[in-house]
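What follows is a set of notes on a single structure, which appears directly below.
Protein chains: 2
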Amino acid sequence: MSLPHALLGLINYKPATGYELKARFKQSVHFFWNAGLPQIYRSLNEMKSKGWLSLTVQHQDGRPSKKVYSLTQSGREELLRWLSEPGEISESRHQLMIKVFFGNQSGTDVLAGHIKDWRDRHLALVRMYETDVPSLLERYGALVSSRGDAFCWGLTLDYGKRHAEMVVEWCDQALKDIEGLQQGGAASK
Amino acid sequence: MSLPHALLGLINYKPATGYELKARFKQSVHFFWNAGLPQIYRSLNEMKSKGWLSLTVQHQDGRPSKKVYSLTQSGREELLRWLSEPGEISESRHQLMIKVFFGNQSGTDVLAGHIKDWRDRHLALVRMYETDVPSLLERYGALVSSRGDAFCWGLTLDYGKRHAEMVVEWCDQALKDIEGLQQGGAASK
DNA sequence: TTGCTCATGTAACAGGTTACATGATTAA
DNA sequence: TTAATCATGTAACCTGTTACATGAGCAA
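Chains V and Y supply the protein sequences, listed in that same order. If you count the first sequence from 1, position 93 lands on 93 in the UniProt record's numbering, and the numbers rise without skipping. If you count the second sequence from 1, position 93 lands on 93 in the UniProt record's numbering, and the numbers rise without skipping.
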């Protein structure tokens, strides 16, 4: 369980409603984690009942009321406790790698098609990391920024970029290898 | 939903029981996907009721009977259909990156500790990809192997290794940056 | 007038994990 | 005699997704 802690971290920058939190996810950590609104609302309720959050209702004219959540002392403690805890090994469920693993059953043409797709998507991601994302982080950073925050966000950004680049390189090599296999020699029993 | 398809792929090499499939997962795709026994048994039942699998019960002396599943024609078709389908973008839920993102809230010492841990684990993974895993794949490959299968398995192996190497490199850079931040300049507002 | 943004949620379902239950064989 | 391996599963629970429900304001 970890979504509640991600929410604690975001709310700790600045109190927020569930709806706003959804948007903050999109602007910040959504490359590494995302969450739907129903799940956010559900989590906020649980967190409140654990005493991690306090709630202020803001009435608005002509719009639904806002439920603005803030961290309580106990919420702040829980966040720090979790952040200090050694992380669990994250399980990646990697659909494409399964398809690659069984690639001999689908045939190398199908396989090469998937890999080309994947390469394109990750190349686009690399571009995004280079152009769109920094400005996004900057805009988001403007809300609450300290130099330390910006530094940490930069680290995750760098990770995402390296990851996407690694994938592109792997795809290139794999496509070369497949070509070699198709031309070079018989690839059956 | 994709576990059933991974199971189809494994059974297609050779008929198997639920228990054996769990072991095969461990020997083959478990870097990219894993599954518990309850889930495997549940999936096998569903797959059978969809007509993808046929079942033979093998009685054994002094041991519980085996339920050996094989692919039906319809199962083979479903597997090929799924393998040809373009893959969904896999959502990685990356706990450590969340902790990095909020690293300024926990402090750079805690953060550096996590990253060191992670570096160690991935360095161990790199070593494993270099030594243990190839022999594992070979042993597994001996069961059913064709050159094409071995080739595809090698591709996933290469991906895993590249990934682990990339993580180690990122960790090294991040640790350097953190050090620089701690020495170089004030890291507050 | 069509669709987007703001703002709340509920209900049902799908997928994955953990705990519980059984019981024989075999190697340390 | 203790623990691991073989072999089956059920029940409960946690998490995440999708579909449904409401309703005002505003821009194209």
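Ideal placement from N, C-alpha and C gives every residue a C-beta, glycine not left out.
Rounded Cβ spacing between SER106(Y) and LEU80(V) (contact assumed at less than 8 Å): One-based indexing of the second sequence puts residue 106(Y) at position 106. One-based indexing of the first sequence puts residue 80(V) at position 80. Sure, about 6 Å apart at Cβ, within 8 Å.
Once DSSP output is grouped into helix, strand and coil, what is the label at THR156(Y)? If you number the second sequence from 1, residue 156(Y) lands on position 156. Correct three-state label for THR156(Y): helix.
Whether CYS171(V) touches HIS94(V) by CB criterion (9 Å): As a working mapping, residue 171(V) is identified with position 171 in the first sequence. As a working mapping, residue 94(V) is identified with position 94 in the first sequence. For the pair CYS171(V) and HIS94(V), the CB atoms are not nearer than the 9 Å cut-off.
Counted within 10 angstroms of its Cβ, other Cβ atoms place LEU37(Y) as buried (16 or more) or exposed: Stepping through the second sequence from its first residue, residue 37(Y) is reached at position 37. Flag for LEU37(Y) reads exposed.
With distances taken Cα to Cα, identify the nearest neighbour of LEU44(V) among HIS59(V), ILE11(V) and LEU181(V). Against the first sequence, residue 44(V) aligns to sequence position 44. Here the closest residue by C-alpha is ILE11(V).
Per-residue contacts from LYS163(Y) into chain V (C-beta, under 7 Å): Here residue 163(Y) refers to the residue found at position 163 when the second sequence is read from its first residue. The sequence as given places His at residue 163(Y); Lys does not occur at that position. Listed by position along chain V, the residues whose Cβ is nearer than 7 Å to that of HIS163(Y) are MET166.
With 9 Å as the threshold, decide whether the Cβ of ILE98(Y) is near any Cβ in chain V. To locate residue 98(Y), count along the second sequence from 1; it is residue 98. Taking Cβ atoms only, chain V reaches closer than 9 Å to ILE98(Y), which makes this a yes.
Give the straight-line distance between the Cα atoms of ALA124(V) and GLU179(Y), rounded to the nearest whole angstrom. Locating residue 124(V) in the first sequence gives position 124, counting from the first residue. Locating residue 179(Y) in the second sequence gives position 179, counting from the first residue. Here the C-alpha atom of ALA124(V) lies approximately 32 Å from the C-alpha atom of GLU179(Y).
ARG93(Y) - containing beta strand (DSSP E), residue span: Residue mapping note: residue 93(Y) aligns to position 93 of the second sequence, counting from 1. Annotation for ARG93(Y): no beta strand (DSSP E) segment contains it, and DSSP assigns it neither H nor E.
Exposed or buried, residue 201(Y), counting other C-beta atoms within 10 Å across all chains shown (16 or more means buried)? Look at the range of chain Y in this structure, 1 to 189, and you will see that residue 201(Y) is not part of it.
Alpha carbon to alpha carbon, how far is GLY154(Y) from GLU85(V)? Numbered from 1 along the second sequence, position 154 holds the residue referred to as residue 154(Y). Numbered from 1 along the first sequence, position 85 holds the residue referred to as residue 85(V). Just so you know, the alpha carbons of GLY154(Y) and GLU85(V) end up roughly 35 Å apart.
Which residues bound the beta strand (DSSP E) around VAL68(V)? On the first sequence, position 68 is the one that residue 68(V) refers to. 63-71 is the extent of the beta strand (DSSP E) around VAL68(V).
Which of the residues in the region 145-161 of chain Y, read from start to end, lie with their CB under 9 Å from any CB of chain V? Residues passing the 9 Å Cβ filter: SER145, SER146, ARG147, GLY148, ASP149, ALA150, PHE151, CYS152, TRP153, GLY154, LEU155, THR156, ASP158, TYR159 and GLY160.
Spatial distance of SER188(V) from ASP149(Y) (CA atoms): Here residue 188(V) refers to the residue found at position 188 when the first sequence is read from its first residue. Here residue 149(Y) refers to the residue found at position 149 when the second sequence is read from its first residue. Legend: pLDDT at SER188(V) = 41, less than 50; position of this residue unreliable, no value from coordinates given.
Can you give me the C-alpha to C-alpha distance between LYS14(Y) and PHE101(V), rounded to a whole angstrom? If you number the second sequence from 1, residue 14(Y) lands on position 14. If you number the first sequence from 1, residue 101(V) lands on position 101. Each residue's CA atom was taken as its position, placing LYS14(Y) and PHE101(V) some 15 Å apart.
Give the DSSP-derived three-state secondary structure of THR131(V) in the structure shown. Walking along the first sequence from the start, residue 131(V) turns up at place 131. DSSP places THR131(V) in coil when its eight states are reduced to three.
C-beta neighbour in chain Y for ILE89(V), strict 9 Å: Start at 1 with the first residue of the first sequence, and residue 89(V) comes out as number 89. Yes - at least one Cβ of chain Y is within 9 Å of the one on ILE89(V).
If you draw a straight line from the C-alpha of ARG76(V) to the C-alpha of ASP117(V), how long is it? Indexing the first sequence from 1 puts residue 76(V) at position 76. Indexing the first sequence from 1 puts residue 117(V) at position 117. In this model, ARG76(V) and ASP117(V) are separated by some 43 Å (Cα to Cα).
Strictly below 9 Å CB to CB, what residues from chain Y border LEU79(V)? For the purposes of this step, residue 79(V) is identified with residue 79 of the first sequence, where counting begins at 1. Contact note: LEU79(V) reaches chain Y through PHE102, GLN105 and SER106, using a C-beta cutoff of 9 Å and chain order.
Over what stretch of residues does the alpha helix (DSSP H) that includes HIS5(Y) continue unbroken? Translated into positions along the second sequence, residue 5(Y) becomes position 5. Counting along the chain, the alpha helix (DSSP H) containing HIS5(Y) begins and ends at 3-13.
Residues within the region 27-58 of chain V neighbouring chain Y, beta-carbon criterion of under 9 Å: Cβ contacts with chain Y come from SER28, VAL29, PHE31, PHE32, TRP33 and ASN34.
Going by alpha carbons, who is nearest to SER65(V) out of LYS176(V), GLN182(V), LYS161(V) and THR17(V)? Translated into the one-based positions of the first sequence, residue 65(V) becomes position 65. Comparing Cα-Cα distances from SER65(V) to each of LYS176(V), GLN182(V), LYS161(V) and THR17(V), the minimum goes to THR17(V).
Of the residues GLU138(V), LEU175(V) and PHE32(V), which one's Cα is nearest the Cα of THR156(V)? On the first sequence, residue 156(V) is found 156 positions in, with the first residue counted as 1. The residue from GLU138(V), LEU175(V) and PHE32(V) with its alpha-carbon nearest to that of THR156(V) is PHE32(V).
On a Cα-Cα basis, can you pick out the residue from GLN173(Y), LEU53(Y) and THR56(Y) that is closest to ASP158(V)? The residue you call residue 158(V) lines up with position 158 of the first sequence. With distances taken between Cα atoms, ASP158(V) lies closest to GLN173(Y).
Does DSSP classify VAL167(V) as helix, strand or coil? Indexing the first sequence from 1 puts residue 167(V) at position 167. For VAL167(V), the secondary structure class from DSSP, reduced to helix, strand or coil, is helix.
Straight-line CA distance for LYS50(V) to MET166(Y)? Position 50 of the first sequence, counted from the start, is the residue given in the question as residue 50(V). Position 166 of the second sequence, counted from the start, is the residue given in the question as residue 166(Y). Those two C-alpha atoms are separated by around 39 Å.
Count the other CB atoms, across all protein chains shown, that sit within 10 Å of the CB of GLN73(Y); report buried if there are 16 or more and exposed otherwise. To locate residue 73(Y), count along the second sequence from 1; it is residue 73. Under a 10 Å Cβ-count criterion, GLN73(Y) is classified as exposed, with fewer than 16 other Cβ atoms of the shown protein chains found around its own Cβ.
Residues bridged to SER54(Y) (per DSSP): On the second sequence, residue 54(Y) is found 54 positions in, with the first residue counted as 1. SER54(Y) is bridged to SER70(Y).
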